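K.L.:
What follows is a single structure, and I will ask about it in a moment.
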Amino acid sequence: MSLTARLAELGITLPAVPAPLAAYVPAVRSGDVVHTSGQLPFVDGALPATGKVGTGPGLVDPAEAARLARQSALNAVAAAAEAAGGPDHLLGVVKVTGFVASDPSFTGQPAVVNGASELLGELFGDAGRHARSAVGVTVLPMDSPVEVEVVLRVG
0 MSLTARLAEL GITLPAVPAP LAAYVPAVRS GDVVHTSGQL PFVDGALPAT
50 GKVGTGPGLV DPAEAARLAR QSALNAVAAA AEAAGGPDHL LGVVKVTGFV
100 ASDPSFTGQP AVVNGASELL GELFGDAGRH ARSAVGVTVL PMDSPVEVEV
150 VLRVG
């Protein structure tokens with residue numbers, strides 16, 4: 000099934016690719032892969048939440064952070080599709096790197112990045128299985144709770 004058909008089946012529309020925040024491009028194709036830059040969870044040009052992930056007052060709940068990681072992955076797919084010449088040129092996922100702006104006591108980064116991995120599995124099926132890193136960091140651009148970058152196979 001093509002990615003376009005799968006997106007339609009799931010009722011998902013690829014978002015517009017957010018403009019870069021600095022001197023880089025959203026994604027680059029090199030041979031049979033596309034590498035995305037780190038994608039923040041922008042929705043209609045804005046971050047739905049900011050701050051550190053953890054449990055407690057003033058922190059972004061880990062379940063919400065997982066939803067934000069899902070949005071970041073969707074933004075990465077949109078960027079990769081643009082670089083590849085359209086979504087149907089994307090064949091599968093090679094690697095996901097997720098960054099989680101974490102409260103010092105938070106150690107649930109893998110569960111947060113599952114939001115990205117699960118979306119990619121929904122979109123690509125078995126071709127969405129990938130290697131992955133889930134990294135806790137002190138701060139991300141614009142105080143985003145998460146950032147996701149993806150490497151995808153193209154054809």
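Each residue of the sequence shown is one higher than the one before, counting from 0 in numbering that gives the first Met the number 0. Where is the CB? At the ideal position from N, CA and C, for every residue including glycine. Remember, it's a predicted structure, so these values are computed and weren't measured experimentally.
When the Cα atoms are used, what is the spatial distance from residue 14 to residue 105?
P.N.:
Near 30 angstroms, if we compare the C-alpha coordinates of residue 105 and residue 14.
K.L.:
Could you check if residue 114 is buried or exposed, using at least 16 other CB atoms within 10 Å of its CB as the buried criterion?
P.N.:
Label assigned to residue 114: buried.
K.L.:
Under three-state DSSP, which class holds residue 129?
P.N.:
Residue 129 falls in the coil class under three-state DSSP.
K.L.:
Please look up how many angstroms separate the CB atoms of residue 2 and residue 87, rounded, as I've assumed it's under 8 angstroms.
P.N.:
Confirmed, Cβ separation roughly 6 angstroms.
K.L.:
State yes or no: is the C-beta of residue 129 within less than 8 angstroms of the C-beta of residue 153?
P.N.:
No, they are not a contact pair.
K.L.:
May I ask you to list the residues that DSSP assigns as paired with residue 89?
P.N.:
Bridge partners of residue 89: 153.
K.L.:
Once you ignore the five residues that flank residue 70 on each side, which residues in its own chain have a CB closer than 7 angstroms to its CB?
P.N.:
40 and 42.
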